[in-house]
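**Q**
Number of protein chains: 2
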Amino acid sequence: MAFMIAQRAFIKLYLITMVEQQRGYGYQMLEEMKESFKPFGYVPPQSEIYRALHELVHEGVFYRTKQLKGSDPRVDFQEIVLYHFTEDGPEKAKLYKKQVKTDLDRCLGMLNKAAEDNYGT
Amino acid sequence: MAFMIAQRAFIKLYLITMVEQQRGYGYQMLEEMKESFKPFGYVPPQSEIYRALHELVHEGVFYRTKQLKGSDPRVDFQEIVLYHFTEDGPEKAKLYKKQVKTDLDRCLGMLNKAAEDNYGT
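Residue numbers (our numbering), protein chains in the order written: chain A, 1 to 121; chain B, 1 to 121.
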């Protein structure tokens, strides 16, 4: 088993939860992740977020659609990308989230143990 | 800032604590680390532990000595390697442990946040 949870898995976890909560607007997902972790000094690389989204599409969890940003096609020509669950997406996502939870707990255990063993906290 | 704490830093933390507690017998440090993390399915690679020890010597935190394992030089010819603090080793180690604590807490914060955000726990 790896040392710590992979960044890719951590990001995919967040992307799945965002789509579960109907927040599948690509650009917004990017911004949300970056804002979320600012207090921790961690900025998830944009390329990693895109790769994670691509993997979730490739694995048949998500599919993506493009829509015009506004409602008037004469002036609103900016395209936005949206991510949605495929038909068996929720099921695949649920299984994936279960695996990531195990890894998350494992890492929390190791770090808490390290804090105890080395600092007595 | 990196995503998660580096494996090298994690291992160095444990090695420092071991020497602080007079448990600086090289081979034993290796075995102890491996045993410690068995329950988590994590096996710190021997090469990584050696590299960490080497770094701590290179950074002037530790120095190493070799001793005969037993007390009778006629039969006890097995050499063991011991690690000790240099004169300013404890001071350097204290500073290093402080930095690692910050990183440890940062990672714990991120993982706890991820558990909360994605699983409501």
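Where a beta carbon is used, it is the ideal one built from N, C-alpha and C, also for glycine.
For PHE85 of chain A, does the count of other Cβ atoms within 10 angstroms reach 16, so buried, or fall short, so exposed?
**A** Stepping through the first sequence from its first residue, residue 85 of chain A is reached at position 85. PHE85 of chain A is buried by the Cβ-count criterion.
**Q** So, does the CB of THR102 of chain B fall closer than 7 Å to a CB anywhere in chain A?
**A** By one-based count along the second sequence, residue 102 of chain B stands at place 102. No, no contact with chain A.
**Q** Considering only C-alpha positions, which residue in the set B:ALA2, B:GLU79 and B:THR102 is nearest to THR65 of chain B?
**A** Taking the second sequence and counting its residues from 1, one reaches residue 65 of chain B at position 65. Checking every option, the nearest Cα to that of THR65 of chain B belongs to B:GLU79.
**Q** Taking the alpha carbon of GLY136 of chain B as the reference point, which residue from A:MET33, A:ALA115, A:MET110 and A:ASP117 has its own alpha carbon closest?
**A** Because residue 136 of chain B is not part of the residues shown, which for chain B are 1 to 121, the question remains open.
**Q** Suppose only complete runs of 3+ residues qualify. What are the beta strand (DSSP E) ranges in the region 42-96 of chain A, listed by chain order?
**A** Within the region 42-96 of chain A, the complete beta strand (DSSP E) runs of at least 3 residues are 62-68 and 79-85.
**Q** Rounded to the nearest angstrom, how far is the Cβ of GLY26 of chain B from that of LEU82 of chain B, given a contact under 8 Å?
**A** Position 26 of the second sequence, counting from 1, holds the residue named residue 26 of chain B. Position 82 of the second sequence, counting from 1, holds the residue named residue 82 of chain B. With a Cβ gap of about 7 Å, GLY26 of chain B and LEU82 of chain B count as contacting.
**Q** Here's the rule I'm using: 16 or more other beta-carbon atoms within 10 Å means buried, otherwise exposed. How should LYS94 of chain B be labelled?
**A** Here the question's residue 94 of chain B lines up with position 94 in the second sequence. Burial call: exposed.
**Q** How would you label TYR50 of chain A, buried or exposed, when you count the other beta carbons within 10 angstroms and need 16 or more for buried?
**A** As a working note, residue 50 of chain A is residue 50 in the first sequence. When all chains shown are included, TYR50 of chain A counts as exposed.
**Q** Spatial neighbours of ALA9 of chain B within its chain, please: C-beta separation below 7 Å, excluding the five flanking residues on both sides.
**A** In the second sequence, the residue the question calls residue 9 of chain B occupies position 9. Correct list, in chain order: VAL100 and ASP103.
**Q** Could you name the residues of chain B that PHE122 of chain A contacts, counting a contact when the two beta carbons are closer than 7 Å?
**A** The question about residue 122 of chain A has no answer here: the residues shown for chain A are numbered 1 through 121.
**Q** Residues bridged to TYR25 of chain A by DSSP?
**A** Sequence index remark: in the first sequence, residue 25 of chain A carries index 25 (1-based). Its beta-bridge partners are A:LEU82.
**Q** Nearest CA to the CA of LYS12 of chain B: which residue from B:MET1, B:LYS98 and B:PRO73?
**A** For the purposes of this step, residue 12 of chain B is taken as the residue at position 12 of the second sequence. Considering only alpha carbons, the answer is B:LYS98.
**Q** If the cut-off is 7 Å on Cβ atoms, which residues from the region 15-28 of chain A count as contacting chain B, listed in chain order?
**A** Within the region 15-28 of chain A, the qualifying residues are THR17.
**Q** How is MET33 of chain A classed by DSSP in three states: helix, strand or coil?
**A** The residue given as residue 33 of chain A occupies position 33 in the first sequence. Helix.
**Q** Just to confirm before moving on: does the CB-CB distance between ALA115 of chain B and THR121 of chain B stay below 7 Å?
**A** On the second sequence, residue 115 of chain B is found 115 positions in, with the first residue counted as 1. On the second sequence, residue 121 of chain B is found 121 positions in, with the first residue counted as 1. Cβ atoms of ALA115 of chain B and THR121 of chain B: closer than 7 Å.
**Q** By alpha-carbon positions, which one of B:GLU87, B:GLN7 and B:GLN46 ends up nearest to PHE3 of chain A?
**A** Position 3 of the first sequence, counted from the start, is the residue given in the question as residue 3 of chain A. Ranking the options by Cα distance to PHE3 of chain A, first place goes to B:GLN7.
**Q** What three-state label does DSSP hand PHE3 of chain A in the structure shown?
**A** Position 3 of the first sequence, counted from the start, is the residue given in the question as residue 3 of chain A. Note: PHE3 of chain A maps to coil in three-state DSSP.
**Q** Report all residues from its chain with a CB closer than 6 Å to the CB of ARG74 of chain A; omit the five preceding and five following residues, and keep chain order.
**A** Mapped onto the first sequence, residue 74 of chain A falls at position 74. Here the set comprises nothing.
**Q** Pick helix, strand or coil for GLY109 of chain B, following the three-state DSSP scheme.
**A** Taking the second sequence and counting its residues from 1, the one referred to as residue 109 of chain B is at position 109. Correct three-state label for GLY109 of chain B: helix.
**Q** Hey, how far is the Cα of PHE37 of chain B from the Cα of LEU108 of chain A?
**A** Mapped onto the second sequence, residue 37 of chain B falls at position 37. Mapped onto the first sequence, residue 108 of chain A falls at position 108. Cα to Cα, the separation comes out at about 13 Å.
**Q** Would you identify the three-state DSSP class for THR121 of chain B, choosing helix, strand or coil?
**A** Counting from 1 along the second sequence, the entry for residue 121 of chain B is found at position 121. Note: THR121 of chain B maps to coil in three-state DSSP.
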